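Taking it in order: structure first as structure tokens, then the write-up.
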Amino acid sequence: MSEANTNGSPNGGATATAEAPREKLNKKAITADHPTWCPGCGDFAVLASFYKVLEKRNLDHEKIVTLAGIGCSSRFPYFVNGHGAHFIHGRAVPLASGISLARPDLNVFLFGGDGDGFSIGGNHLNHGARKNINMVYFIMDNFVYGLTKKQTSPTSPIGFKSKTDPTGAIDMPVNPMKQLISAGASFIARTHATQVKHMMEMIERAMDHQGFSVIECLSECVEFYPDVFDPADPKKGGSFELIQEKKWDNTPEDELRHDVTDELAAYKLAQLPFPGVFGVFYQSDRPTKNALEKKWIENTREKLGNATDVEILQKTFDRMK
Amino acid sequence: MSEANTNGSPNGGATATAEAPREKLNKKAITADHPTWCPGCGDFAVLASFYKVLEKRNLDHEKIVTLAGIGCSSRFPYFVNGHGAHFIHGRAVPLASGISLARPDLNVFLFGGDGDGFSIGGNHLNHGARKNINMVYFIMDNFVYGLTKKQTSPTSPIGFKSKTDPTGAIDMPVNPMKQLISAGASFIARTHATQVKHMMEMIERAMDHQGFSVIECLSECVEFYPDVFDPADPKKGGSFELIQEKKWDNTPEDELRHDVTDELAAYKLAQLPFPGVFGVFYQSDRPTKNALEKKWIENTREKLGNATDVEILQKTFDRMK
Amino acid sequence: FLKEGGVLLYDSDNVEPNLDDKRFVYVGVPITGLTVEALGGTAKDKGKNIFVLGLITKIFSLDVEKLKRIITEKFAGKDESIVNTALMAFQAGYAYPVGKVLTHRYQFEKIEKTGERPQITMDGNTALAFGLIAAGVRYGAGYPITPWSSVMEVLRTQLPKYGGIFVQAEDELGAVSLALGFSFSGYLAVTGSAGPGISLKTEAIGWASMAEMPLIICNIQRGGPSTGLPTNVEQSDLHQAIYGGHGDSPRVVLAASTVEDCFYIAIEAGRIARKYSTPVFILSDTSLATRIEAFDEPDLPKLMVDPKPDMTPRATHKPYPLDQITQHIPPGTRILDGKYPLMSGLEHDEMGHPTGSPKLHMAMTAKRRNKLRKLAEEIPVPEVYGDPNGDTLLIGWGSTYGPIHDAVKLGQENGEKMGALHLRHLHPLPNGLEKIFKNFKRIVTVEMNDQGVYGFGQLATILRARYCEPKIESFTKTDGLTFRVKEILQGVFPGKFVSLRGYSPNRPIAGNGEQDVNLARAESISQGAG
Amino acid sequence: FLKEGGVLLYDSDNVEPNLDDKRFVYVGVPITGLTVEALGGTAKDKGKNIFVLGLITKIFSLDVEKLKRIITEKFAGKDESIVNTALMAFQAGYAYPVGKVLTHRYQFEKIEKTGERPQITMDGNTALAFGLIAAGVRYGAGYPITPWSSVMEVLRTQLPKYGGIFVQAEDELGAVSLALGFSFSGYLAVTGSAGPGISLKTEAIGWASMAEMPLIICNIQRGGPSTGLPTNVEQSDLHQAIYGGHGDSPRVVLAASTVEDCFYIAIEAGRIARKYSTPVFILSDTSLATRIEAFDEPDLPKLMVDPKPDMTPRATHKPYPLDQITQHIPPGTRILDGKYPLMSGLEHDEMGHPTGSPKLHMAMTAKRRNKLRKLAEEIPVPEVYGDPNGDTLLIGWGSTYGPIHDAVKLGQENGEKMGALHLRHLHPLPNGLEKIFKNFKRIVTVEMNDQGVYGFGQLATILRARYCEPKIESFTKTDGLTFRVKEILQGVFPGKFVSLRGYSPNRPIAGNGEQDVNLARAESISQGAG
Ligand SMILES: Cc1ncc(C[n+]2csc(CCOP(=O)(O)OP(=O)(O)O)c2C)c(N)n1
Ligand SMILES: Cc1ncc(C[n+]2csc(CCOP(=O)(O)OP(=O)(O)O)c2C)c(N)n1
Ligand code: SF4
Ligand code: SF4
Ligand SMILES: [Mg+2]
Ligand SMILES: [Mg+2]
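Chains as they are written, first to last, in the numbering used here: chain S, 1 to 321; chain R, 1001 to 1321; chain Z, 2001 to 2530; chain G, 3001 to 3530.
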């Protein structure tokens, strides 16, 4: 997801880091506060997988940026030792977008919950997806508002009894996959907190993708909505059904497999009843806003030769005399 | 869209109107300020069609409510003589939702532009659709910000030169039909400002539908984005291609026709390149939030017999002693 | 197990005791929820238990510093962030305003004895919710946030009984807009939140002020700014409530002073919102929200307001008459001259249609402002508690009512000539306060907010601006805890009352943290991984 | 066709004249856009032409009332809303601040004559945009709204030349969040808007205050409240800029006084935002935004700030040291002790991690407030124009600089002993103003906002609260038009200066619309269909 070169940033400022000796990134180095989550909370597994991926990828420590909105899941940055920010509820996508656009050298990771992402943050999610801004956005979906103690969330199923729906939720929930596909997210995956290997694979593929990469992870809130994801947990008698992706081996079996570049096919998968399927629903390599803005900058600066900022502004003023 | 009975509202307050003699609703009665739009603006046609439909339906004058956010198109309520409100930018869907939920006896009409609806208002649009709140929402889409003088709008195509994209827009635009389908709007139609008969038909069908009914109308901004919709205007050498809806006459031709209850088929139509097709993309009669809340109220009040408000609260206090 | 009359402290998130069993004093505290909120989870053994420890420390005034030492020792050796988490749980429990739990029993006895009105017991948010129902509010919308959530949860559960609806919106922008839709439709509606959510409602509240739409906004204040201290108490949103909108956008601001007042302030808010067709803020805070108190059962038949909108046809109607106060009439009302009103956020003429007239903008701006002056004329000047004149007048607003009045009592017992004035109407202020001010040598506002750049609390700033009365100063604190009586006296009379018993956590740095960097830094123990 | 030196007034939305041809004075006015904005379209023959008529009426001080009569007659007979529309167009044109157009020629001549620095000519929004670039701002985000839009349009077009990016966001909530992302990434960023959009940024600006993140917020004020009068001038957002946030959330507020100052205030804002790691408001308004003025070309090599973020590795770093002013360091910076910082909206310890400590909340609240006190110490006290001591001191802020200073000149010529003080730093205020105050008998703020419930303009309210100086009063107006010199003198000295020539549209109801219902109502002519 990050780029080596940084011409996108004024005066290449972003590459001004001096080199001091460094050892391989290890778990201890990236561990911060001990997580405050409830024992058994699905979010622990997400944190563990994230640590593992960071170690495996051995990213430059100072180039790891973890961001979040507000919620139990959004406490994530406090548990990762790295540059980061704990922002406000529902607005972390534009925050991350600013960092991503100005600093292609960084690895921008965004974490949040279903309320943060699909309720108050829904519009930013859609426009971040549409503009295809380069980042990895991990949504820990527990079908409930955890931090505020059990209100109906946009993904709570009809019938769910919460503090704001004492007789059971009545509104049709958001379908995260449908929303992301129609909004234009260029990498869309779905996983489950109990499936750490799969989760890690999704995170790595999201990191390797250039663009707005979103992973929805069913992450159980043991305190306010226990057992809701058992139907997708083999250990609890459920079935964790994986999407079979096309191998392009033109075998007859391959006909039946899923083409991740086929938007309509992805939408069809999104129509499957709960718990649905897991894996990559959709992936497209349309240009990122990062690349498009960079191209505009390069074209513009080319015309200017290698004029300094002072010279450029002076020229402009000369025309105003 | 409106209901005769009003049990939904406390003490049936909503029906307290005394009857004074009334003549048939006519254009003069519902005409207010002379529209301020630029000569040739597509919005004139929308206003004209709306007048015609109101006349034809002969609604009770005082039960017509026109609402809007901010924009040229959102000036609409000033041009309709009836109860109405000119609200703030992008929040008119929740405003209309409150009116619709509390007052089933009213006809709630909401008007706005593409920026108002898909940019700043996008999240409210999605959640209003998801909750299926009963109203008719007419979006005058001109692919540009008119009132603020030609900035890129969420529906501006790539390459459109605006004040905020001097070298041409680079962000992929919103696809209104895709967004509405995936969000769960229960009536979704598309029309064109030059096709008054079709527009009227869509408005009438939207009115007859119980639920969140949205009509996207391609409405030209002659001042800042002229001729953009000619490709769909036969008079300008374009073609206005209509959606052929199933007649359920089980003829072979019918096989090929569009089933408006088929979400995936609707999504497929939404994938057609500009100018695409016109008519009803999708319609479903899932329950409205209005009906669901009403049912909850009725169940609750049933248990209480016909206790007065004072008695109900007193009972509650007695349990707090 | 628990002897009669004993206090039963239970986790109201998980237990539902039989409240009819009147042998015990029940103190329900949402322990699980509050711990989750304070820590972002219950954090295993560092969470709930230690939260309760903090709670008990507060109730029985145990030695805080000592207990914090013990906790630190218990978790020593482990990652320091664990100690930090444990201390956060302890502090959250300690900060939780349980109120005068131990006096409840006394109150129950009182019921048997006297022949007065029976007493009812509830927390402030519940009182507020039922006050709104009594005020004829049948519709509302909100989005969850501590400590506002329980108001919306009660309304969401109760309103259907009354034929009403409370909607959980997608966010606060949607919530206030929904509420305005309800009000526009003829049913005075409520929305509410705490800090961050109130900030999001700013624009729409400005529309309510401009379009002159009745609306009640509840702000259950918590520690700020930004996400701040979600589970602590603070009174730092007064300036925002009055001045938060862009442009000159008059609105009314009230503040509840006790749990009982949470009920009555809602009725006053409804009265003002309707009579002056204006948005009305109700300021409460964390301590009132959750504090449980008993008060005289309200006389419902006398109090309850009929929500039914008046839709009798009118011959003619102007939504914005220049020479009268706007009265909103709901859609569905026939206007026989056929000229229907429009509620507009653009500057408008008397019919609500846009205008560019300089004179009209001045006149309409004045119209919107002058109705607050009219309101000010009818607000009673609150009575002074204690000495009607003397050396020191304490002025308070909101939940500090109890400690301030106790401070006056204690101060008088110790020879101070002092009184207290408590304001429920903060904007506009009642007229005639100057008459009270001249009876005292010193005037000190006591507020749970910061002294600001110029050294004055938020209410003090407002009073000084209006009266230019140099006597007015303030004693403020921002430790997120309710005031203790001695703390007030020590703050208002520096150097005096030091001998008074009782623990005062923040005395050393009251008012200014600068001098005490090390003292404060000692609290900053998460050196673990930063 | 146009004789040399003549003024060429053109529709900058449709025409692109050859500005190099220096024979004429070019006054580009976005006639089409402004008409669309004022009316919601160009309204055929009622629109642009009549807008221009209003414009010319203002430039050549023609008789407004007479022209309005003519317009009314011209469209008489037609639906009255048509007359109303025409009058709105006229008033929008009349309200448009073209500045001292007729003096431009003089200014151009000046260039030839003197050997001073050459002059450059532009409007205030352009000056602001280039000031930001000079201040080293390379990134920003916004959402269109009048009169802010042109700032973002210039930046969107210019920043790529400097390797930067300006993003048009989906709304103002997204815009301010994007800007904070840019600032967090190491590039001081800008966002901006007008009334409604600024209100939407409230919550995120509170985060910037709490997380101590540098940010510049431009508020190009327009007529309020709510959607208000989008194309008129007003100074009614000062209170919101200072007090708009929930909780105690300190921020800095500056105001540009002239077109030239729009350039320099941006540099000052950048300096403060970086040095104090804080959000900084720049207040401008409709009149500065569009007014075209010539000023000495800035000395760019001296002024221009290098935007390059400093990412040299640090041995260790605390984002929130209690005994120092926070300095934000961007991601990409190695911290050799391996403890990385977190920027947080929750109350935090020195490393940015959450805390529930009462002492820390007090200390951090004080830390955030005290940096504004430090800033106040370094702000120069502005010089008094006119008499350094005397009978009357006028105090102004923002775009009223010109008329207030002219008023002092004219007043002195007419025997008044008076001076003027103009403030660029409004929060915190410079220290030492009291020394100036004591030299005058009367102190009158002159403001384009409402007198409020208690009779004082927004700046007057702030000064009274700080100084408790009863001498401080205010002369305010809310007619959406810039001040005329005689209007100020007549308002400040009631009864005097009545003989002065020149048209003053709002004199009759200055300050209070109540007494003049009929006068104002005469303006309310849309009886057509209401
Ligand atoms: C503007 C604003 N509104 C509301 C809140 C209160 N709040 C904090 S987190 C949250 C939702 C939490 O749900 P989710 O995003 O699903 O995260 P989870 O706790 O379930 O992981 C809410 C409503 C807030 N902090 N800010
Ligand atoms: C909160 C807020 N932000 C921005 C604006 C400025 N504004 C008014 S209308 C508009 C968009 C207009 O575009 P659209 O909704 O497509 O309506 P159109 O004028 O094209 O019909 C904007 C940005 C505003 N009034 N309020
Ligand atoms: S409340 Fe739920 S989501 Fe939050 S930490 Fe506990 S289990 Fe996890
Ligand atoms: S600017 Fe465009 S949208 Fe607005 S009225 Fe004119 S033509 Fe219509
Ligand atoms: Mg959740
Ligand atoms: Mg548009």
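Built from N, CA and C at the ideal position, the CB exists for glycine as well. Just so it is clear, the structure is predicted and the values come from calculations on it, not from any experiment.
**Report entry** Straight-line gap, residue 1308 of chain R to residue 1301 of chain R (C-alpha atoms, nearest Å)
**Finding:** 10 Å
Query raised in the report: If you run the structure through DSSP and keep just helix, strand and coil, what is residue 3113 of chain G?
Result: With a pLDDT of only 42 at residue 3113 of chain G, under 50, the local geometry of the prediction cannot be trusted, and the value read off the model is given with reservation. Here residue 3113 of chain G sits in helix by DSSP.
Query raised in the report: Within 10 angstroms of its Cβ, does residue 244 of chain S collect 16 or more other Cβ (buried), or is it exposed?
Result: exposed
Query raised in the report: Under a Cβ-count criterion, where at least 16 other Cβ atoms within 10 Å of its own Cβ denotes burial, should residue 2052 of chain Z be classed as buried or exposed?
Result: buried
**Report entry** CB contact check: residue 296 of chain S to chain G, cutoff 8 Å
**Finding:** yes
**Report entry** alpha helix (DSSP H) runs wholly inside the region 3192-3251 of chain G, at least 4 long, in chain order
**Finding:** 3195-3211, 3238-3243
Query - Residue-chain proximity (residue 300 of chain S, chain G), Cβ-Cβ < 8 Å - result: yes
Requested in this report: If I'm right that residue 1042 of chain R touches residue 1142 of chain R with Cβ under 8 Å, what's the distance once you round it to whole angstroms?
Outcome: 7 Å
Requested in this report: Pair every Cβ in the region 81-98 of chain S with every Cβ in the region 163-175 of chain S, then say whether three or more of these pairs are closer than 8 Å.
Outcome: no
Query raised in the report: Looking at the C-beta of residue 3171 of chain G, does it have a partner C-beta in chain S at a distance below 8 Å?
Result: yes
**Report entry** Nearest-angstrom beta carbon gap, residue 90 of chain S and residue 121 of chain S [assumed within contact, 8 Å]
**Finding:** 3 Å
Report task. Could you please give the first and the last residue of the uninterrupted alpha helix (DSSP H) stretch that includes residue 1176 of chain R? Result -> 1176-1183
Report task. Determine the closest residue to residue 1057 of chain R out of R/1110, R/1206, R/1247, R/1311, with distance taken between C-alpha atoms. Result -> R/1206
Query raised in the report: With contact counted as at least three CB pairs below 8 Å, one residue from each stretch, are the region 2193-2206 of chain Z and the region 1108-1121 of chain R in contact?
Result: no
**Report entry** Residues of its chain near residue 2272 of chain Z, where Cβ-Cβ distance is below 6 Å and the 5 sequence neighbours each way are ignored
**Finding:** 2252, 2280
Query raised in the report: Secondary structure at residue 3451 of chain G, three-state DSSP: helix, strand or coil?
Result: coil
Requested in this report: Buried or exposed for residue 1162 of chain R, please, with buried defined as at least 16 other CB atoms from any protein chain shown within 10 angstroms of its CB.
Outcome: buried
**Report entry** Cα-Cα separation between residue 3322 of chain G and residue 3368 of chain G, rounded to whole angstroms
**Finding:** 9 Å
Query raised in the report: Applying the criterion that 16 or more other CB atoms from any shown protein chain within 10 Å of the CB defines a buried residue, is residue 2066 of chain Z buried or exposed?
Result: exposed
Query raised in the report: Regarding residue 26 of chain S and ligand 6, is the C-beta to nearest heavy atom distance less than 7 Å?
Result: no
Requested in this report: Report yes if the C-beta distance between residue 2401 of chain Z and residue 2422 of chain Z is below 8 Å; otherwise report no.
Outcome: yes
Query raised in the report: Does the distance from the CB of residue 3032 of chain G to the CB of residue 1088 of chain R come in under 8 Å?
Result: no
Query raised in the report: Do you know offhand how far residue 1276 of chain R's Cα is from residue 1284 of chain R's?
Result: 22 Å
Query raised in the report: Which stretch, first to last residue, makes up the alpha helix (DSSP H) that contains residue 207 of chain S?
Result: 196-208
Report task. Check each residue's C-beta against every heavy atom of ligand 3 and list, in chain order, those closer than 5 Å. Result -> S/37, S/38, S/41, S/72, S/146, S/221, S/222, S/223, Z/2036, Z/2041
Query raised in the report: Are at least three pairs of beta-carbons, each pair with one atom in the region 2403-2411 of chain Z and one in the region 2381-2394 of chain Z, less than 8 Å apart?
Result: yes
Query raised in the report: alpha helix (DSSP H) containing residue 1283 of chain R: first to last residue?
Result: That residue, residue 1283 of chain R, is in no alpha helix (DSSP H); its beta strand (DSSP E) goes 1279-1283.
**Report entry** Same chain, Cβ closer than 7 Å to residue 3247 of chain G, five either side skipped, listed in chain order
**Finding:** 3206
Query raised in the report: From which residue to which residue does the alpha helix (DSSP H) around residue 1317 of chain R run?
Result: 1309-1318
Query raised in the report: Helix or strand or just coil, what does DSSP make of residue 20 of chain S?
Result: coil
Report task. Could you tell me whether any non-hydrogen atom of ligand 4 is closer than 7 Å to the CB of residue 1142 of chain R? Result -> yes
Requested in this report: Within its chain, find whatever has a CB closer than 8 Å to the CB of residue 3420 of chain G; leave out the 5 residues flanking it on each side and keep chain order.
Outcome: 3384, 3385, 3386, 3393, 3394, 3395, 3396, 3404, 3405, 3407, 3408
Query raised in the report: For residue 2009 of chain Z, which three-state DSSP category applies?
Result: strand
Requested in this report: Please list, in chain order, all residues of the same chain as residue 3128 of chain G whose beta carbon is under 6 Å from its beta carbon, the five residues on each side excluded.
Outcome: 3151, 3262, 3266
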